[in-house]
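Notes follow the structure.
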Amino acid sequence: MFGLKTDWELDPPPRYFTLEDYEGGVARWCPGCGDFGVLTAVQRICREQQLPPEKVVAVSGIGCSSRFPHYMKTYGFHGLHGRPLPVACGIKSRRPDLDIWVATGDGDCCSIGAGHWIHAIRYNMDMTVMLFDNAVYGLTKNQTSPTSPVGFKSNTHPRGAWLPPLDPLQAMLGFTNVSFVGQAVDWNPILLHAILRQAHAHKGLGFVRILQRCPTYSGHVFQDLQKSPDQLLLLTHDDGLPMTPELDRLFPNKEQHDPSDLGKARIAAANHERIPVGVLFRDPSRPIYDDFTNYGLGTSVEDKLDSINAELDRFAI
Amino acid sequence: MFGLKTDWELDPPPRYFTLEDYEGGVARWCPGCGDFGVLTAVQRICREQQLPPEKVVAVSGIGCSSRFPHYMKTYGFHGLHGRPLPVACGIKSRRPDLDIWVATGDGDCCSIGAGHWIHAIRYNMDMTVMLFDNAVYGLTKNQTSPTSPVGFKSNTHPRGAWLPPLDPLQAMLGFTNVSFVGQAVDWNPILLHAILRQAHAHKGLGFVRILQRCPTYSGHVFQDLQKSPDQLLLLTHDDGLPMTPELDRLFPNKEQHDPSDLGKARIAAANHERIPVGVLFRDPSRPIYDDFTNYGLGTSVEDKLDSINAELDRFAI
Amino acid sequence: MSTHVAEAAGTGSGSRTTVPQHIIEIVSDSGEGAQKAGQAFGAVCAKSGRGVWTVEIIPAEIKPPARSQAGASGIRIRVGSRTVTNMGDEADLVVAFNEQVLYGRITQHAFRKGTNILLENRWATDDSPEIRELYANALQEFREKGFVVHELPLEQECLKHTSNPRVGKNMFVLGMLCSIYGFEVERALEEAAFLFRKKGEKVVALNHELIRAGYAYASDHIPIQFFVPARPNPGKSIVVNGNQAVGLGIMAAGIDVVAMYPITPATSVSHYLGEAFHRVGGLLHQAEDEIAAIGFAIGASYAGKTACTVTSGPGLALKTEFLGLAVMGELPLVIVDVQRGGPSTGLPTKVEQGDLLASIWGQPGDSPKVVIAPATIEECFHFVITARKLAEAFRTPVIVLTDANLATGVQPIPRPNPQEEWLAPPIDQAPWDKKVLAYDWDVESGASPRPIPGQPGGEYVLTGLSHTKDAHVAYDPDSNRVGMEMRSRKLAALQKALKPPKVFGDESGGDLLLVGWGSTQGAIEEGVERARGEGQSVSAVHLRFMSPLEPGLEEIFRRFKKVVAIGIHYSDPEDSPIDKPNRRRSQLAILLRDQTLVDVDSWTRVEGQPLSPGTIYDAIQDHLGRLARKES
Amino acid sequence: MSTHVAEAAGTGSGSRTTVPQHIIEIVSDSGEGAQKAGQAFGAVCAKSGRGVWTVEIIPAEIKPPARSQAGASGIRIRVGSRTVTNMGDEADLVVAFNEQVLYGRITQHAFRKGTNILLENRWATDDSPEIRELYANALQEFREKGFVVHELPLEQECLKHTSNPRVGKNMFVLGMLCSIYGFEVERALEEAAFLFRKKGEKVVALNHELIRAGYAYASDHIPIQFFVPARPNPGKSIVVNGNQAVGLGIMAAGIDVVAMYPITPATSVSHYLGEAFHRVGGLLHQAEDEIAAIGFAIGASYAGKTACTVTSGPGLALKTEFLGLAVMGELPLVIVDVQRGGPSTGLPTKVEQGDLLASIWGQPGDSPKVVIAPATIEECFHFVITARKLAEAFRTPVIVLTDANLATGVQPIPRPNPQEEWLAPPIDQAPWDKKVLAYDWDVESGASPRPIPGQPGGEYVLTGLSHTKDAHVAYDPDSNRVGMEMRSRKLAALQKALKPPKVFGDESGGDLLLVGWGSTQGAIEEGVERARGEGQSVSAVHLRFMSPLEPGLEEIFRRFKKVVAIGIHYSDPEDSPIDKPNRRRSQLAILLRDQTLVDVDSWTRVEGQPLSPGTIYDAIQDHLGRLARKES
Ligand SMILES: Cc1ncc(C[n+]2csc(CCOP(=O)(O)OP(=O)(O)O)c2C)c(N)n1
Ligand SMILES: Cc1ncc(C[n+]2csc(CCOP(=O)(O)OP(=O)(O)O)c2C)c(N)n1
Ligand code: SF4
Ligand code: SF4
Ligand SMILES: [Mg+2]
Ligand SMILES: [Mg+2]
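Protein chains in written order, with the UniProt record's numbering: chain A, 1 to 317; chain B, 1 to 317; chain C, 1 to 632; chain D, 1 to 632.
This is the structure we're talking about:
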């Protein structure tokens, strides 16, 4: 049969990867789109960690942000709207060697994909998930998203959105087996990079919600926030996002926040005065489904054959 | 065209409804199934509230518990697995006069229906939702459900469930616009009835998770709990489930719990020592989507025709 | 100034060439206002009694880079002295804001030898040598291709009136076009006054100045002038695209609830409804996904409200299970599927007719339902009303298949005259006669009256399980069989009520019959007309009812030597390694072959483009040629 | 004791009637162990070299009330001196634990005049007068129907050995059956020893005692004795049902990941895999829903692991969108659809073949994929292996359509001999030759090599958007067309590799040809055989490849005067108001008519039951009769 090969070959000579090794085609987002910054951050982390490009898989759904895989020079899966997480889990299930980055939008993850979101958090597989939250449906040209603020005028709600916006952080911190929740903003590359790096280093599902500017359709939503960093509250901790002089300078408001405490994380997420950024929650001890799904990976063809014959014999007469 | 009628006729003579007026065909659950008790509780509430049977709609998905509508002598919608909530919201959207009861299972609501669950909570339409949580897939004969405890042996996990069970309460208390969360057990009819009545009286989506015995497949899961009511913690409050001498007698452990405080509700739900029963959270001030969806309900045919003509004229040349 | 222009137009300056129809394009980077200018020009044409079809040229990205081939953004306006039914073949005249976007249009085969191209020439003197070179090369290439390029100092002229010519030049072009096609400049001024009415007088005045300047410039400097005569008395008209027509149809059909999830190219139906639906007291619900959208609509329908869901291919896929429930539970429901390129995410902004069989047979188990397909923008309006009527009469879901071509095409259509009876709500709250069962099927038609929550005595449980007449779950052989028969019977009954389709061309038969459906009617009939004009024996039949099919097809087909199904969906080409036994025919051909047992061939295109009369004409030549070879 | 028995069996006590095959049922309330006894008896028959088919009789509820018609629970065992391929027609001998459950079977047409019924008679003396009356009435009714009722003091006899006869009487019945059919009692003792091996010696001993008692009782008191001769040398066999065969096939095919969501009647595949899959290192993933299940499988496949998802109708509906993506992205994937009654939730536990067209054409846009249908339990095993092979060879999803009939039928089949090559993983981690593009289509076959994550140099992005050979998103006309051609070509290439199906009966033609597919083969061929035995000119063809269809069908069909598609899916009956132009034919007939243009008729049943040889025989008579009338 086609392309069959039974054994693995590994590439012996050591390689050094530059940023270029992760840079795919020219990214085609609108000028000023927050997605560019996230792409750069991920490419930088890949280089820092010297991830072999062939071992990286960028998985996405459909949306502006879900174009992400096309702009990486790695493997990629640009699938269906709302379904990146099941695909990513399937990829990871039997390939512990692959490094999975999931790009998903607020519509993709929190609307059509919400059912998978809950369950992917519960599976807690070892991957990094980036929620590009621009509070709008970008690709389909300006419809209300579940995270659009009340009063947000879009093509489907020209007189303003009516329902209170879904808060991804508070939701996720209620999901069973949640193990890492961070929040960043696209316009602060230092913070973004630092949090994504933490999420990536986390063993389990590292979920980062990124407040992402969409100048084309929802520019006003984060405009104030961008201008006044004092509306943000930086959460730092030695076991979370460690404080650095740079971060210290960038954020007028900060707070020590121990990310190992789920109750405190929920309180931090529910903060109505300032928007928390940083690592809200981290529990590396949560079970990861990988430990279950990897079972039997190394079974040899001979052993399989023996077991199948034994199975057949169980039904023999 | 068939059956068209443009005006409403209302039934003038006052009627008194007995329990029988709500009792449909013989309920066909297994002997000892917890579903019976819930059915009885709902029928009792219907009678107490003297809900005209033609104004009651029981909506369900697929599962043992979703057989519920067939056993009511009201209108009913026994739809698709996982999808009772969108249907219920659609029914309610333009029929404020109808009284909606949703019966859903742990698989139906928390697995295949999880995406709708989040969003129905956010829509917060005025209806009562009962999660029959038997920690197993009953109708399909014993598969693991998202709420099955670790180690639970089912036909799909004969060596025991692996993932930590999803906690519907903690999840829901993180969902935006949650307005009423209660928890009951099927084997305590007094508690069950009291909580369902509160949920039903609540303006908005009254969600009650019912720990429900399935003697056929998951009998052991709640066996201890049933025998030792001291593993339960009764939450009472004047603004929640008011204490009664009966409840006082039935529950050795109780606590005052103010259900208007979301933070406290989350803490109560996360209690690992005792399982909380009662009203965990209630906020009658949350916006209900009905207020939006009911817009324009009374528009007369003449006004519609005028508006349509005006619309056509907007495009006229 | 190039002399090619005068030669091509074949006229001296000042003398106007009369043409029965013309195709004009304005092509630009996105955001340069080409579409606004084109729509205004289309309105001028329409209001002056011409037949018009405008269609936007949409780039793949939301904001593609400037001067890129993939970025071609703009509009095509086809104007004629008859009703225009399609976007036509190659353009006759093009205004382009840069040369690179033209390459994008060339890939789409939008131009022919002799196409007049009015090209902004500021790039010839750009600061960047690279751009200058690109421009020069393009100019040469275009001329080699036989395009008649006319260089225009567009921005330069506009700079005389505004400091920001990038924003203003579209109105300059509008003025130019009025001059070229002999419309009074006042018509354009009116449109601009309307367009900019909310921006204040100053803006209106500036744009008026630009229009006048364009008009004057063209009159003085552009030696090509055309005249498209007006249609005889077109009557009261409205100018809409197919999605707006659907939205208006939804309101006129008395539909109370539209539940949807955004998806291109269906979303603009909800954009329109978002603006207007509340004015008729309707509810537009944006659901969390397509499954919830149809579930919500089904709930509303169960509760006695007329409901609709609007989607496109991937959304239709997600609605499959609920569609089956609507069939089984016998709920009236209107599903509008604005088809786009498939399979999967495919070509989201482009046209295809690939959802035909998925609509008819896509649901597991036997799921008879009505599927209809409007052929024109006007029918987009009326078919929604028909759909609602059929849905309620037969207690069944009805799928309305439109496509991206109809959705985005804009044209003047006769103004519909909404009727009060269209709006009558199905809801009835009178006590239910208990002797009537919840599914009291009429064995001739499969129809039955429907109890509505609120009706005392009508209480029943809708279930997707096999059930009896009185809505009780039943697993016995007879109940299952009878239910299936009754649900199927609806289609038999409806089919008996339909008339055979009319033959366009020669009713009595001939060599070749083309069979089309949906948005392709205009192009097919125009292609057939041209061939018939040359004496060829070719006719066409256009189908609107896809499930059930209109009657009498076999009789019609048998009168022709060859029958070919035409469509914008896939069929295997007839070359190696494809042969007769392994060839996969088009979805329409499959339907027709099953129904008629006539050896219906298929000719299709899946290029994301509407069919054009010219390609149909070519297909006719090809098939007639083959027929002749076979006969000789 | 009734004397009817002796008369009916036509033998005196002690003399054995030899029969080529017999159908036995044990019917009871649920939970009375009828199925266990029947399976054990089936095993005795199989191990003694008889052909066997057993199928469970399943009530609609999980625990229906006792003594109810809807509660009929039990088992049918068909035993024969040839390979048994279906559950047959009416039963020859029935053991019933109460009279009410027999009504449930009568509705299913399970008995005929002369069927021997061995009926527990404790109800005749029940405390409740109501029950006594019901029993007496039933007895009379059954005898009037021509059943040969033999009353049995079942529990009374068992009480001699156990205090809880409700639990023990099934083994008593097992002993009885061994006596009636002339098997040595030791065979039954062996089965019981195995069945109760985990319950301890005491339990085994008690059950042995009951078996011996039943054996002795029957030998002494039941004057009917049959003998079904053994098959000649059936070879090494295993006894499995179709879902176990699928599960074993999944393991033998080297499938690494099965992602599913529970759904009747597919779930038992995962029940079996839940037990066994980890032994071959496989992963069974129970996903949160069907969409996630196929998404997970697709992810695994993308990552180079052989993956499968197993479902039934409503689940298939939910997988529609992802199926389209697998086609577009060209991912190998095996989808097993265990068909059940539809549409919608339909008849969850019962058989139908209604997902044929939804599998082939159910996805919006053109979605060519392979669809195959095993006809036997043995093929359930082998077709999974074929499916994996085709999926990888052509880089395509493959749907395997089985059904509830195959899923629950149990029979001895030749023991498969798994091959190492079946297990070879597709994964390859060697550096990718960069000159080879991600979709480097072979124009003859549409196939292409597939880069797997981990292969340096193979990096590409799988997308559901229209794309080029090198996996780049492309909206141009040619890329879209070429991609569609290449994906379609796979079916043409595969079809060329297939052989025409064999004709069962007369290859050279004749009056009537029945065309079946899937699980109906056994019944159809048995019906045809019977008719041919009577000299009638009827043959049958059975299809296994549904997409593409096997070649040569038209040639075969043209040799027969009439061709009829047979299946367990809906087609309109041919009576008023149905007429030729409005008749909706069966899904199979539609496929065949399109492909062959032969006027293929359809004869189908949608009663939730497998087809039986007798109904096929009747259908043959009907069609031959009509043919004769037409010719005369
Ligand atoms: C099944 C399906 N439904 C709908 C769509 C249309 N669609 C594409 S992207 C999108 C939403 C995009 O919003 P978001 O996920 O927030 O991503 P963004 O574009 O804002 O980055 C929608 C509705 C689709 N492609 N498939
Ligand atoms: C789309 C679809 N998938 C799967 C099924 C099969 N199914 C029916 S009920 C059920 C789960 C039942 O579990 P739960 O919701 O917990 O209800 P319970 O029976 O325990 O009350 C499943 C998987 C179905 N009917 N439809
Ligand atoms: S529309 Fe918004 S999110 Fe999309 S690319 Fe443009 S700026 Fe970014
Ligand atoms: S299986 Fe369990 S949940 Fe279902 S009816 Fe029986 S006891 Fe109740
Ligand atoms: Mg977004
Ligand atoms: Mg359950």
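Note that beta-carbon positions come from the ideal geometry of N, C-alpha and C, so glycine has one too.
If the cut is a Cβ gap below 7 Å, which residues of chain D does residue i touch?
i        : result
A:Thr74  : Glu459
C:Pro368 : Arg584
What is the rounded straight-line gap between the Cα of residue i and the Cα of residue j?
i        : j        : result
C:Ile377 : C:Ala266 : 14 Å
D:Ala628 : D:Ala404 : 36 Å
C:Val55  : C:Gly313 : 21 Å
D:Ala46  : D:Ala188 : 12 Å
C:Val240 : C:Val410 : 5 Å
C:Ser508 : C:Ile524 : 19 Å
D:Arg112 : D:Val52  : 21 Å
B:Lys203 : D:Ile298 : 44 Å
C:Ser586 : C:Leu513 : 16 Å
D:Thr11  : D:Ala375 : Here D:Thr11 scores only 36 on pLDDT, less than 50, and its place in the model is too uncertain to base an answer on.
A:Arg314 : D:Gln244 : 12 Å
C:His285 : A:Gly34  : 29 Å
D:Thr345 : D:Arg605 : 18 Å
Can you name the residues of chain D whose CB is closer than 8 Å to the CB of residue i?
i       : result
B:Ile62 : Thr345
Consult DSSP for residue i and reduce its assignment to one of helix, strand or coil.
i        : result
C:Cys308 : strand
B:Asn271 : coil
B:Gln143 : strand
D:Val5   : Confidence at D:Val5 is low in this model, with a pLDDT of 31, below 50, so the placement of that residue should be treated as unreliable; the coordinate-derived value is given next. DSSP places D:Val5 in helix when its eight states are reduced to three.
For ligand 8, any of its heavy atoms closer than 7 Å to the Cβ of residue i?
i        : result
D:Tyr272 : In terms of ligand content, the structure shown lacks ligand 8 and carries ligand 1, ligand 2, ligand 3, ligand 4, ligand 5 and ligand 6 instead.
Cβ closer than 7 Å: which chain B residues qualify as neighbours of residue i?
i        : result
D:Gly274 : Asn155, Thr156, His157, Pro158
D:Tyr439 : Near D:Tyr439 there are no residues of chain B at all, since even the closest Cβ is about 33 Å away, more than 7 Å.
So is residue i buried or exposed if we call it buried at 16+ other beta carbons inside 10 Å?
i        : result
D:Gly235 : exposed
D:Phe194 : exposed
In chain A, what lies closer than 8 Å to residue i by C-beta?
i        : result
B:Arg266 : Gly174, Gly263, Arg266
Name the chain C residues whose beta carbon is nearer than 8 Å to that of residue i?
i       : result
A:Arg31 : Note on residue identity: the sequence assigns Pro, not Arg, to residue 31 of chain A. In chain order: Lys63.
Residue i versus chain A: which residues are under 9 Å apart at the beta carbon?
i        : result
D:His278 : Tyr295, Gly296
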